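Peer 1: Residue numbers (the working numbering): 50 to 706.
My structure is below; once you've seen it, I'll send some questions.
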Amino acid sequence: MAPEEIDHFTLDDFRLRLDSPLFHRDPGASTVEPVSQLRGLTMESDESGSVDAFRAQLIPAAALPPNPLLRDLTVPNPPAGPPAEEVLPQIDEVELQLLQETLETLPPPVYHLSITPPSTPAVEAELNRLAFVPEMEAPLGPVELPAILTGDFPRVITGEHPVAAPFVPSLSQHEMYSVRQPPTPVAPRRNYADLAASLAPPKRRNGHHPIRRFFGIVVLLGLLGAGLFAAKYYFLDQRWSGEVKPLAAEVETARGLSFHTAVKVATLPALEYSTKLIDVTLGIDSSQADTVAGEWRALGLLSGTFDLSQVGLAALADAPAFYDAGAETIYVVDGLPTDLRRFAIQRSLALALLDQEYGWSTRIAHASPSVVRGTRALYEADALAIATSLLDDSERVNVLTQQQALYSAYQIPVSTVPFATTASNRMALALRPYFDGAPSTTRDAVERNALINDGQALDVRRLVSGVAETAEAQSQGMFFWYHVLASRVDADAAWRAALAWRGDSVSVVRGTSGVCVTALVQIDPASFDGAAGVFQAWAAGAPAESNTSVTAVPGGAIGQLTVTACDPGEAVATNDGRVRLSLGGAPLRAEQYRQLQIAYPQLSPQQLACAVYGADAVTTADERSLIDPVGGWAAVAAHPAADPNAAGCVGVGAIIG
50 MAPEEIDHFT LDDFRLRLDS PLFHRDPGAS TVEPVSQLRG LTMESDESGS VDAFRAQLIP
110 AAALPPNPLL RDLTVPNPPA GPPAEEVLPQ IDEVELQLLQ ETLETLPPPV YHLSITPPST
170 PAVEAELNRL AFVPEMEAPL GPVELPAILT GDFPRVITGE HPVAAPFVPS LSQHEMYSVR
230 QPPTPVAPRR NYADLAASLA PPKRRNGHHP IRRFFGIVVL LGLLGAGLFA AKYYFLDQRW
290 SGEVKPLAAE VETARGLSFH TAVKVATLPA LEYSTKLIDV TLGIDSSQAD TVAGEWRALG
350 LLSGTFDLSQ VGLAALADAP AFYDAGAETI YVVDGLPTDL RRFAIQRSLA LALLDQEYGW
410 STRIAHASPS VVRGTRALYE ADALAIATSL LDDSERVNVL TQQQALYSAY QIPVSTVPFA
470 TTASNRMALA LRPYFDGAPS TTRDAVERNA LINDGQALDV RRLVSGVAET AEAQSQGMFF
530 WYHVLASRVD ADAAWRAALA WRGDSVSVVR GTSGVCVTAL VQIDPASFDG AAGVFQAWAA
590 GAPAESNTSV TAVPGGAIGQ LTVTACDPGE AVATNDGRVR LSLGGAPLRA EQYRQLQIAY
650 PQLSPQQLAC AVYGADAVTT ADERSLIDPV GGWAAVAAHP AADPNAAGCV GVGAIIG
């Protein structure tokens with residue numbers, strides 16, 4: 050058909066014959082029978098008039114009968130009859146028995162159930178979804194997967210008909226879904242939870258076994274001893290100065306003790322040294338000088354002005370070095386000769402050694418002046434005995450010579466207060482014979498926890514009696530009252546009255562008229578009358594401006610004397626300026642006691658001490674220097690020999706068998 054002949058399409062043009070061959074699939078089909086011509090549909094062939102012609106060709110469908118409505122139907126309900134009875138099947142017993150026998154002879158049935166596996170796309174989709182789910186932290190190791198069922202499954206028999214088993218999906222067996230093998234780690238990963246458990250503190254073992262404890266203590270003590278030795282050798286000994294270290298070693302050997310710490314040695318000019326000497330030994334500084342001067346002038350100890358440096362300078366010859374316990378320092382005056390400097394430093398080192406060993410400075414820190422002077426005299430006596438024992442004869446001569454030369458070298462004046470000068474440098478002489486030649490065990494027994502007053506230090510009878518003595522907080526002591534009496538009366542009379550001292554209490558008041566002193570002195574009743582007479586003689590020698598008075602209060606266990614006096618001023622002479630024994634008869638009686646100990650070792654100390662206090666008087670000729678000449682102290686020979694068997698001394702104390 051030519052294109053120009055086509056004016057419009059008909060319905061036949063859209064019908065397809067299914068029995069005609071397809072020319073593009075069956076080669077040669079176009080040659081067997083003619084093929085229907087295909088017409089092309091273009092916009093030009095679409096005319097509006099052909100629509101009506103096309104609708105005329107359509108075959109109208111047959112009309113369907115209308116559907117009846119349910120509301121128009123009427124269904125009659127039959128009358129309800131009686132319920133039918135349940136009819137149970139009746140099985141003959143013979144038939145049932147035959148059926149059971151037949152079933153027993155048959156083999157058990159085998160059921161084969163074929164389950165169609167899920168499609169591969171569904172499984173792949175599920176695997177892809179699971180691939181993007183975050184994995185949980187799991188311990189290393191092979192991944193355990195549940196068994197995958199891929200075959201047929203048996204049926205589950207319930208009742209009369211078999212029922213299929215539950216569906217179990219099976220994964221694809223493709224290699225891309227095989228189990229992934231984890232790579233072999235180069236180093237095993239550390240589980241820090243297990244590591245924390247391994248770091249827990251181990252359980253403490255029971256260390257209470259006696260043998261283990263014993264050896265542990267031995268090792269500990271060994272280490273402690275080695276540490277102390279190393280500390281002393283490398284630390285303590287290294288702190289000693291080059292000059293002092295060998296001197297300290299000699300003192301340690303002589304006394305049998307060791308220093309705990311090194312002691313510093315400082316050198317001072319003469320005037321500075323003198324002031325510091327009085328400040329440390331007597332506890333007097335510039336702020337107290339006026340009050341102390343008024344007290345001493347009222348009682349006759351001082352006449353005129355009070356100069357701390359001059360009083361200390363007067364004591365320099367007997368104390369060119371001293372130990373300051375508070376500062377743990379030894380002060381030495383500048384410019385001392387070699388041998389005298391060596392002796393003075395060793396004397397002070399010995400006192401420091403005794404302080405470190407026995408702690409005497411701590412015990413007297415808050416004691417009364419009487420106890421301070423007495424206790425210090427005890428340890429200074431041992432220190433003086435140690436230093437003297439280190440001198441040979443040639444050194445002894447040199448020290449005595451150099452000591453006398455100090456008076457001219459330093460222009461040492463006569464002391465205006467012999468009490469203060471003696472208290473600062475010579476108290477050791479009262480007890481030095483008590484330690485001369487005594488073994489370390491005897492010294493230790495005396496000095497361990499010792500605390501005595503100056504009455505015990507000056508009177509050896511009271512020292513060896515074994516009776517503990519106490520002193521008032523403001524007690525000035527026996528040594529103080531001896532110098533008060535010796536300022537106006539004879540030295541022997543003052544000494545005998547002082548031996549009767551049993552205690553005192555001194556009060557100093559400073560008013561508009563000056564300083565006044567009130568004292569209550571306790572006297573031994575056996576010597577009360579003699580002592581009271583000496584005090585009255587002393588008061589009679591006082592200047593009228595001082596208003597001095599002594600009132601006796603006899604009776605009672607201990608007699609009492611009340612003393613009152615006021616400062617007459619610097620222009621009034623308060624004493625006669627006579628030379629007096631610095632320590633009374635104490636050095637003489639102590640030396641006599643030592644000689645009796647050597648001659649009568651079998652007698653008790655109490656009997657020997659009683660024997661040395663005879664009727665012979667003491668004079669200024671009995672003054673003793675710190676260092677005796679090579680031939681010894683000659684003053685003892687000028688006195689009668691003490692007799693331990695004299696009346697009144699026999700049987701005193703126990704006899705040493």
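Even for Gly, the Cβ is constructed at its ideal location relative to N, Cα and C.
Quantities reported herein were computed from a predicted structural model and do not represent experimental measurements.
(1) Buried or exposed, going by whether 16 or more other CB atoms sit within 10 Å of the CB of residue 688?
(2) Short of 7 Å in beta carbon distance, which residues of its chain neighbour residue 349, apart from the five on each side in sequence? Order them along the chain.
(3) What are the boundary residues of the alpha helix (DSSP H) that residue 582 is part of?
(4) With H, G and I counted as helix, E and B as strand and the rest as coil, what does DSSP make of residue 593?
(5) Is residue 357 near residue 334, with beta carbons less than 9 Å apart?
(6) Between residue 580 and chain C, is the shortest Cβ-Cβ distance under 9 Å, so that the two count as touching?
(7) Could you please give the first and the last residue of the uninterrupted alpha helix (DSSP H) stretch that includes residue 326?
(8) Around the C-beta of residue 640, are 16 or more other C-beta atoms found within 10 angstroms, so that it is buried, or is it exposed?
(9) Return yes when the Cβ of residue 584 is within less than 9 Å of the Cβ of residue 602, no when it is not.
(10) Could you compute how far the alpha carbon of residue 511 sits from the alpha carbon of residue 554?
(11) Following the continuous alpha helix (DSSP H) through residue 659, name the residue where it begins and the one where it ends.
(12) Only counting the same chain, and skipping five residues up and downstream in sequence, which positions put a Cβ closer than 8 Å to that of residue 679?
(13) If you pair each beta-carbon of the segment 518-527 with each one of the segment 538-546, do three or more pairs fall below 8 Å?
(14) In terms of DSSP beta bridges, what is residue 313 paired with?
(15) Using three-state DSSP, classify residue 355 as helix, strand or coil.
(16) How big is the Cα-Cα spacing for residue 295 and residue 423?
(17) Please determine, among 660, 681 and 666, the residue with the shortest C-alpha to C-alpha distance to residue 698.
(18) For residue 289 and residue 586, what's the separation of their Cα atoms in angstroms?
(19) How would you write the range of the alpha helix (DSSP H) that residue 11 sits in, first residue to last?
(20) From the DSSP output, in three-state form, read off residue 461 for me.
(21) Assuming residue 509 and residue 340 make a contact with CB atoms under 8 Å, what is their CB distance in whole Å?
(22) May I have the straight-line CA-CA distance separating residue 438 from residue 386, to the nearest angstrom?
(23) Within the continuous alpha helix (DSSP H) that includes residue 707, where are the two ends?
(24) Check whether the segment 359-375 and the segment 452-462 touch, using three or more Cβ-Cβ pairs below 8 Å as the test.
(25) Compute the Euclidean distance between the alpha carbons of residue 498 and residue 477, then round it to the nearest angstrom.
(26) For the beta strand (DSSP E) holding residue 560, just list the boundary residues, first then last.
(27) Along the beta strand (DSSP E) that carries residue 679, what are the first and last residues, could you check?
(28) For residue 353, which residues from the same chain have a beta carbon less than 7 Å from its beta carbon, with the 5 sequence-adjacent residues on both sides left out?
(29) Starting from residue 572, follow its DSSP beta bridges and name the residues at the other end.
(30) Please classify residue 649: does DSSP put it in a helix, a strand, or coil?
(31) In whole angstroms, what separates the C-alpha of residue 517 from that of residue 501?
(32) Can you give the Cα-Cα distance for residue 691 and residue 392, rounded to whole angstroms?
(33) In whole angstroms, what is the alpha-carbon distance linking residue 400 and residue 331?
(34) State the DSSP-derived secondary structure class of residue 423, mapped to helix, strand or coil.
(35) With C-beta atoms as the reference, is residue 529 less than 9 Å away from residue 503?
Peer 2: By the coordinates alone:
(1) buried
(2) 533, 536, 537, 591, 623 and 624
(3) 577-589
(4) helix
(5) yes
(6) Any reference to chain C falls outside this structure, which holds one protein chain only.
(7) 319-331
(8) buried
(9) no
(10) 20 Å
(11) 654-661
(12) 442, 445 and 446
(13) no
(14) 378
(15) coil
(16) 31 Å
(17) 660
(18) 55 Å
(19) Since the displayed the chain opens at 50 and closes at 706, residue 11 lies outside it and no answer follows.
(20) coil
(21) So it is not a contact: roughly 34 Å between Cβ atoms.
(22) 20 Å
(23) In the structure as shown, the chain starts at 50 and stops at 706, and residue 707 therefore has no counterpart that could be examined.
(24) yes
(25) 18 Å
(26) 550-560
(27) Looking at the DSSP string, residue 679 is not in any beta strand (DSSP E), and its letter there is neither H nor E.
(28) 465 and 619
(29) 550 and 608
(30) coil
(31) 8 Å
(32) 33 Å
(33) 17 Å
(34) helix
(35) yes
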